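**Student:** For the record, the sequence lines run as chains A and B.
In terms of numbering that gives the first Met the number 0, the first sequence is numbered consecutively and its last residue is 408.
In terms of numbering that gives the first Met the number 0, the second sequence is numbered consecutively and its last residue is 148.
Structure in structure tokens, see below.
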Amino acid sequence: MKPVLAAIAASVLALAPLARAAPAWTPEDLTTIRMLSPRALPKPAPDPSNRVADMAAARDLGRALFSDARFSANGQVSCASCHQPAHGFTDALPVGRGVAEGARRTMPIAAAAHSPWQFWDGRADSLWAQALGPVENPAEHGFTRTEVARVLATNYGTAYRRVFGRRLPDPSRLPGRASPLGDTSAQAAWSRMTPSDQQAVDVAFADFGKAIAAYERALSVRPGRFDRYAATLGGGTSARASFSADEVAGLRLFIGKAQCVTCHNGPLFTNGGFANTGVAPRPGRPPDAGRVAGIGKALADPFNCQGAYSDAPPDRCDELEFAVRDSPELDGAFKVPSLRGVARRAPYMHAGQLRSLEEVLDHYNQAPAAAIGHSELRPLHLTGLERRQIITFLRTLDEDVPQPAKASR
Amino acid sequence: MTKSTRSRGRGPRRTILILAAIAGFATAPAFARPRDLDRSLDRPSDHGVFRVAVQSARTPVPLFRVHQWSLRITDPTGKPVSGAVVAVDGGMPDHRHGLPTAPRAAASEVAGDYVINGVKFSMPGWWVLKLAVQAPDGRSDTVTFNLVL
């Protein structure tokens, strides 16, 4: 009996390398892998808070606003300064740099339309509410909303009227630099404005965000090599040619032992939620409270889905209405980012604390305690080879580079 | 664990365990869950105080989208329980996290019927929906539903 069993054991062990080379995915594995395919990605959900969200003219206006550096204190910073198409709509810096250095890593935006929450801490509940934040952030655009209304009125009056069907406020009635959130002089100037002028400026400011949101919603997620591999699974086509043994092994670890897919699931490799992964603060910076502060800001934001500048009836704001507000899971939690194109987006984490995917895998493998709240991670006990295989797989999430159209003969 | 089993392993039983472990690892699904999971959505509460039934307003249960469930509460004889306060909780036991939203239950017009608004599931796998029911006459109980999405 014993020699027979030993022989079976030996044959199973001998087959193990073969099993890795020629994958036998279980039905559960295939379900998970198909869920990661962009074929499963519907169009972004309608945004009832933005009536121009899917209007072509709004998209065109938003595209122009997105790269217009006149909407900044020094005339040199636009949205595109940090959200660079060549870097997956991010920059290559640990933390964003506008008119000064920011506190967090620039986020990619191509997949943002699919997320109910924006910013690392989810302090905005729509793309358009998000677009307003950096404009008045002293480290980013360093601008004010009255200046936004003035630049719009001077340069975009016709396009604005075509999209929104109303006129911008008369710039001659507005102080040069005024905002309820600005520096002392900007706040003083804001307080001297009439309530109707304040409201007119806020309407124009919200519309500025809504046009940019329309542009961002149209940015599509391009498939890559992983998606071509996933498309062949279960379809009777051999997939071996399109994925190496290490890439297959990396995918198997990603959805299995390494548990990456717990949070990085669905066609965008994110569950759209928030997680505390115990990433240490940047050296010399205090711990960042993350989501627990972000949800408070989203609820208090006058530009949220239930606010006066939203186009949605209040009962169409489910994410805000039913947001988790008081769970310990929110402490030190940050948005789970999409992993599409992740290999081209170093450095990583909410403040660029980890320089490379190797450092990211080391972090998840070790699962250090969090500086604030409790990390959800547990040590993974991955070998060096396994960590390298996961990284090899992650590189297959790079988007295909668009091919120029062939010249006709 | 496998290592220590191997180092102490003696005899056929140990070998079978090793083989089972190898086979189990090779075929482990991405989302482990108990084999005999009770997935009924109409069941007595934990101490038999109520009978509770839940149903998603949308079929199949959507992922990543906030949606509504209906809830019916009766006593064990089938008499509707109206005016109850129902607390909703839940999450993914094998992933150690709660629900991504904070759903709330509210009474509907029919006696014993309620709606649960704000339900969202953010990934496939095994979810639990836990309800704590407090009837106006002081009776209370809890019930847990298992969902596999």
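Glycine included, every Cβ here is placed at the ideal spot set by N, Cα and C.
In this text, all values refer to a predicted model and were calculated from it rather than measured experimentally.
(1) Can the beta-carbon of B/A101 be found closer than 8 Å to that of A/V323?
(2) Which residues in chain B have a C-beta closer than 9 Å to the C-beta of A/F321? List them in chain order.
(3) Among B/A104, B/G137, B/Q133, which residue has its Cα nearest to the Cα of B/V53?
(4) Please list, in chain order, the chain A residues whose beta carbon lies closer than 7 Å to that of B/R95.
(5) Spell out the partners DSSP gives A/E398 in its beta bridges.
(6) So which residues on chain E does A/R324 lean against when the C-beta distance must stay under 8 Å?
(7) Could you check where the beta strand (DSSP E) with B/D88 kicks off and where it finishes?
(8) Could you give the first and the last residue of the continuous alpha helix (DSSP H) run that contains A/I389?
(9) With distances taken from CA atoms, which of B/R138, B/A131, B/V65 is nearest B/F144?
(10) Could you name each continuous beta strand (DSSP E) segment of 3 residues or more that falls completely within the stretch 47-135 of chain A, going from the start of the chain to the end?
(11) Counting only the same chain and skipping the five closest in sequence on each side, list residues whose C-beta sits under 7 Å from that of A/D124.
(12) Just grab the DSSP bridge partners of B/I115 for me.
(13) Please report whether the beta-carbon of B/P59 lies at a distance below 8 Å from any beta-carbon of chain A.
(14) Should A/N154 be flagged as near chain B, meaning a C-beta pair shorter than 8 Å?
(15) Using CA atoms only, rank isn't needed, just tell me which of A/L92, A/V260, A/P312 is closest to A/I389.
(16) Does the beta-carbon of A/V341 have 16 or more other beta-carbons within 10 angstroms, so that it is buried, or is it exposed?
(17) A/D226 to A/S36, Cα distance in whole Å?
(18) So, does the CB of B/A131 fall closer than 8 Å to a CB anywhere in chain A?
(19) Under 7 Å, CB to CB, which of the residues in the stretch 256-271 of chain A have a partner in chain B?
(20) Would you identify the three-state DSSP class for B/L146, choosing helix, strand or coil?
(21) Report back the beta-carbon spacing between A/K42 and A/W127 to the nearest angstrom; my notes put them in contact at under 8 Å.
(22) Check whether the Cβ of A/A238 lies closer than 8 Å to any Cβ atom in chain B.
(23) Could you check what DSSP says for A/Y155 in three-state terms: helix, strand or coil?
(24) Is it the case that the stretch 240-249 of chain A contacts the stretch 357-364 of chain A, given that we only count it when at least three CB pairs across the two stretches are under 8 Å?
(25) According to DSSP, is A/A322 part of a helix, a strand, or is it coil?
(26) Quick one: residues in its chain with C-beta nearer than 6 Å to the C-beta of A/L329, no 5 flanking neighbours on either side, listed in chain order?
(27) Grab me the residues of A/I410's own chain with a C-beta within less than 7 Å of its C-beta, minus the 5 sequence neighbours each way, in chain order.
(28) What do you reckon, are the CB atoms on A/L360 and A/G277 nearer than 8 Å?
(29) Given that A/M34 touches chain B, what residues does it touch there, using C-beta distances under 7 Å?
(30) Using a C-beta cutoff of 8 Å, does A/E358 count as contacting chain B?
(31) Report all residues from its chain with a CB closer than 8 Å to the CB of A/R284; omit the five preceding and five following residues, and keep chain order.
(32) Exposed or buried, what is B/T26 when buried is set at 16 or more other beta-carbons lying within 10 Å of its beta-carbon?
(33) Rounded to whole angstroms, what's the CA-CA distance from B/A29 to A/I211? Just pull it up for me.
(34) Could you round the C-beta distance between A/Q352 and A/A307 to whole angstroms and report it? I think they count as a contact, below 8 Å.
(35) Pull up the DSSP beta-bridge partners for A/L353, would you.
(36) Out of A/G293, A/P133, A/E357, which has the shortest C-alpha to C-alpha gap to A/D120?
**Tutor:** So, from the listed chains and residues:
(1) Closer than 8 Å, so yes.
(2) By Cβ distance, chain B contributes V65, T100, A101, P102, R103, N116, G117, V118, K119.
(3) It is B/A104 whose Cα lies nearest to the Cα of B/V53.
(4) Within chain A, the residues near B/R95 are E375.
(5) Paired residue(s): A/G223.
(6) Among the chains of the structure shown, chain E does not appear; the protein chains present are A and B.
(7) Counting along the chain, the beta strand (DSSP E) containing B/D88 begins and ends at 84-91.
(8) Looking at the DSSP string, the run of the alpha helix (DSSP H) that includes A/I389 is 383-393.
(9) Of the listed residues, the one whose Cα sits closest to B/F144 is B/A131.
(10) Fully enclosed beta strand (DSSP E) runs of 3 or longer: not present.
(11) Annotation for A/D124: P115, W116, A297, N303, C304, E318, L319 place their beta carbon closer than 7 Å to its own, counting only its chain and skipping 5 residues before and after.
(12) Answer by DSSP bridge pairing, in chain order: B/W68, B/A104.
(13) Answer no: the Cβ-Cβ gap between B/P59 and chain A never drops below 8 Å.
(14) Under the 8 Å criterion on CB atoms, A/N154 is classed as non-interfacial with respect to chain B.
(15) Of the candidates A/L92, A/V260, A/P312, the one whose C-alpha sits nearest the C-alpha of A/I389 is A/V260.
(16) Around the beta carbon of A/V341, 16 or more other beta carbons lie within 10 angstroms, which makes this residue buried.
(17) Pairing A/D226 with A/S36, the inter-Cα distance amounts to about 6 Å.
(18) Taking a beta-carbon distance threshold of 8 Å, B/A131 does not count as an interface residue toward chain A.
(19) So the list reads V260, T261, N264, G265, N270, G271, given in the order they occur along the chain.
(20) Collapsing the DSSP output to three states places B/L146 in a strand.
(21) About 17 Å separates the beta carbons of A/K42 and A/W127, which is beyond the 8 Å limit, so they are not a contact pair.
(22) The predicted position of A/A238 is uncertain, since its pLDDT is 48 and thus under 50; a value taken from the coordinates is nonetheless stated next. At least 8 Å separates the CB of A/A238 from every CB of chain B.
(23) Reduced to three states, the DSSP call for A/Y155 is coil.
(24) No, the stretch 357-364 of chain A is not in contact with the stretch 240-249 of chain A.
(25) In the structure shown, A/A322 sits in a strand (DSSP, three-state: E or B).
(26) Shown here for A/L329: same chain residues with a beta carbon closer than 6 Å to its own, the five before and five after excluded, namely R290, V291 in chain order.
(27) One cannot answer for residue 410 of chain A here, as it falls past the ends of chain A, which runs 0 to 408.
(28) No, Cβ-Cβ distance for A/L360 and A/G277 is not below 8 Å.
(29) Near A/M34 (Cβ distances below 7 Å), the residues of chain B are P123.
(30) It does not; no Cβ of chain B falls within 8 Å.
(31) A102, A350, listed in sequence order.
(32) The pLDDT assigned to B/T26 is 33, lower than 50, so where the model puts this residue is not dependable; a value taken from the coordinates is nonetheless given after this. Burial check for B/T26: the Cβ neighbour count within 10 Å stays below 16, so the residue is exposed.
(33) A caution first: B/A29 carries a pLDDT of 38, below 50, which makes its placement in the model too unreliable to give a value.
(34) About 38 Å separates the Cβ atoms of A/Q352 and A/A307, ruling out a contact at the 8 Å cut-off.
(35) In DSSP, A/L353 forms a bridge with A/Y347.
(36) Checking every option, the nearest Cα to that of A/D120 belongs to A/G293.
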